Amino acid sequence: MEAIIEYFVQSSVILALFYIIYFLLLRNERFFTEIRGFLLLSLCTAILLPFIKIPYTVLVEAVENTVIAGDLSFVSGSVEPVIKQESFYTLSTIVFLIYLLVASILFIRSLIKVGQIYRMISGKQYTVIDNFKIVLLDQSIPAFTFFGYIVINREEFNNESRQNILAHEKVHAQQKHWIDLLLVELMTIVFWFNPFVWLFQLALKQTHELLADDGVIAHGYNIGQYQALLINQLMGAEVVGLANNFNYSINKKRMIMMSKDKSPKNRRYKLLMMFPVIVAVVIFNLRIEEVHAKEATVAEVHKQETVKITGVVLANDDKPIPGATVLVEGTSIGTVANFNGEFELSIVKSANINVSFIALETKKIPVEDFVLNGKKTDKGYFLKIKLKEENEQSLGEDNVYVSVDEKPVFPGGDLAMRKHIARTVKYPREAQKKGIEGKVLVTFVINKLGEVENARVMRSVCPSIDKEAIRIVSTLPKWIPGKMDGSPVNVSYTIPLSFGLQNGQGMIVVGEPRKPKKQYKGEDIYVIVEQMPKFPGGHDKVQKYLEKEINKLDSKFKIGKRCFVSFVITKEGKIDNIRMTRGTGNAEVDAKAIEIVKGFPIWEPGIEGGKAVHMAYTLPITFKSL
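Residue 3 is where the sequence shown starts when you use the numbering used here, and the numbers rise one by one after that.
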């Protein structure tokens, strides 16, 4: 529909510009053949020129997608697909149906015109004079020309004083003015809404009559007698508009033009004014195709040198990080580290990779580093990658937290947020046409005032979908801000948005499919709750408690390593189901860590839907060295 509207708009503008040139510069000139050519060329240009699209490729630098790891406990929950189906009776559809209705009526009217003339001359005798077929009718009508036939009243044909009428119609037939009329008739059907096409029709018919008058005078007929004859014809009935009839537009202008001297040849330069219009339209139709440098690199991998890289992603304590994300910068191409933190990837030598994990600093590494500094193995160039801890980010002078006592809440809850996104999403037309689908991870900050800031794409699909995802997140209304120790704080938040197509219609799914919850004594264990469990005294008291307990231990436990202990905080606030998620490598130290957790006092339980619930929790414990 957009392409049709664009075509009509361009054609209408071209017609308007050419008619303005005709009206201001040409209508009072006396070089009618050239003016006829100008009018016909204008019509043809208006039809064809909008189809000419000249591609012009520009290479631009691609915008990089910065990756910031957010707290996965803040990823929005699941929801059924919300399909944005457009009603058939949209405004554009209604307007298009009205257009077709009017165009159909005009087309039928034109067929009726042709039918009327055909019935008038069908089966009638005709005579051939000077290669012109002349149909003689008994009925009293003005002479006219139709599809090369000259139709004239029998008495006028036999009247010697009326031979200039026949000469007039011969000019119409000889110059094939009926072709012009057929073209402009079709134009009025297609562009009926454009007033300039109707003005073109009047201008072309007027030019035809001026050409025919000029031809009569050129044959030696007396101008005064011819003008008198024209005036006598004023009371004649008009023939239907698809024919050139003798008494069409008998007006003061025709009388003046017969007596006027021909325009000097040097005034024909005015005709050249149409070329600036053509050039302007061609320039307007330049289709600038931006090719993003990084996207072009990925799309043409086969044309560049590709290497195989391998590596292991480690934490500061040299423990592997399973599930670390390895992405080619500026694309959605990548892999995930296995249980041992290892990964393999075939990649263009000139590219960069971003390695990230939850609550750890994202690291950007050029592939060249693997080649220059890595160890060459059978599997490729090997490199160890260490990710630093990043418990806090910064937003201006304030910290951005990835773990808080109370997470931010969308007004009305998660369901209200999903409904808001479903109402505001606009599936990018470009992606819809190309059948592009995929999931975008968008990370952003909900500041202390509840406003959304710093929205960025964490995982990309394509530029148009990424842009729409950022737009959706950036237009979210104010949230209830997250809190730490009772005070509002800046919180990092991540939402996955899945863009998909179903029966050609765009849809968006907010969040991941929900996995079945684990059970504790027959009840669900939550990993995401409205209000996080609290250690007695607040969040910072946990670390103080751990430091106090570790300081009591013998020096053999102070090995400078960290472990991760998982447990369940029951709805009564008790600690249960304690297990070691990732140990230090020292069984005695790991056992002591579990013993410390068992000694935790009663917590304030997590709250979901206004009720206390069982909550899964993972805690890092560092046994600092002496």
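Think of the CB as a built atom: it goes at the ideal place given N, C-alpha and C, for glycine as much as any other residue.
In this text, all values refer to a predicted model and were calculated from it rather than measured experimentally.
Cβ-Cβ separation, residue j to residue i (assumed contact under 8 Å), whole Å
i	j	result
L499	I474	7 Å
T572	P622	With a Cβ gap of about 21 Å, T572 and P622 do not count as contacting.
K441	R461	7 Å
I423	Y495	14 Å between Cβ atoms; not a contact.
I467	A433	5 Å
T147	L138	Actually they are not in contact, since the Cβ atoms of T147 and L138 sit about 14 Å apart, beyond 8 Å.
I152	I136	5 Å
Pairwise C-alpha distance: residue j and residue i
i	j	result
I23	M275	7 Å
N161	I167	10 Å
V199	I16	11 Å
G336	I355	8 Å
K520	N579	12 Å
L397	E307	The pLDDT assigned to L397 is 49, lower than 50, so where the model puts this residue is not dependable, and the model offers no usable value.
R516	S14	Model confidence at R516 stands at a pLDDT of 43, short of 50, so the residue's coordinates are unreliable and nothing is read from them.
T477	V328	30 Å
D380	F569	42 Å
G382	A339	16 Å
V350	K310	9 Å
K377	L347	15 Å
N157	F134	First, the residue type needs correcting, since residue 157 is Glu and not Asn in the sequence shown. Cα-Cα distance, rounded: 18 Å.
K272	L26	10 Å
L50	T95	25 Å
V402	D592	31 Å
V544	V427	42 Å
P410	F501	25 Å
V373	K321	24 Å
T415	K450	The sequence given here has Gly at residue 415, not Thr. Straight-line Cα distance between these residues: approximately 18 Å.
I367	V357	8 Å
E1	D371	There is simply no residue 1 to check, as the chain begins at 3 and stops at 628 in what is shown.
K296	T47	Per-residue confidence for K296 stands at a pLDDT of 41, beneath the threshold of 50, marking its modelled position as unreliable; the derived number appears in the next sentence. Using only the alpha carbons, I get a separation of about 40 Å.
Y547	F345	38 Å
G539	T624	21 Å
Member of the options whose CA lies at the smallest distance from the CA of residue i
i	options	result
R32	D140, T379, M486, L212	L212
K267	M582, T35, C464, I191	T35
E549	K626, P538, E574	K626
I323	Q545, I49, T583	T583
I100	F195, R581, I311	F195
N342	L113, K377, I423, G313	G313
S124	F149, L103, G611, A457	F149
L362	E590, L389, K558	L389
E439	V153, Y120, L113, V463	V463
V615	F559, N588, N375, G524	G524
A418	K480, S44, Y619, Y120	K480
S106	L138, I191, I423	I191
R270	Q141, L451, R111, G39	G39
K613	D215, Y528, P197	Y528
K485	K558, D407, L451, N553	D407
L43	I280, I143, L102	I280
P278	L19, L451, V97	L19
K365	L204, N30, E344, A326	A326
I219	A353, F384, Q165, C46	Q165
R29	G222, G488, F202	F202
D556	V567, D526, K594	K594
I126	N155, G575, A618, I110	Before going further, note that residue 126 is Lys rather than Ile in the sequence given. The option with the nearest alpha carbon to K126 is N155.
G585	I561, P490, I604	I561
K600	G540, Q208, I609, R581	R581
E455	K421, G437, V493	V493
T445	G437, A457, E453, G452	A457
V315	I387, L103, I577	I387
Residues sharing a beta bridge with residue i, DSSP
i	result
C565	I623
S44	S44 is not bridged to any residue.
R581	S568
G382	T379
R458	T445
F134	I131
K365	V357
D526	Q521
Q533	E408, I609
N492	V402
V283	Answer is none; V283 lacks a bridge partner.
L1	The requested residue 1 is not part of the displayed model; the chain covers only 3 to 628.
S352	Bridge partners of S352: none, in fact.
When you compare the stretch 4 to 11 with the stretch 172 to 180, are there three or more beta-carbon pairs, one atom per stretch, that lie closer than 8 Å?
no
Kindly confirm or deny that the stretch 157 to 172 and the stretch 183 to 198 touch, where touching means at least three C-beta pairs closer than 8 Å.
no
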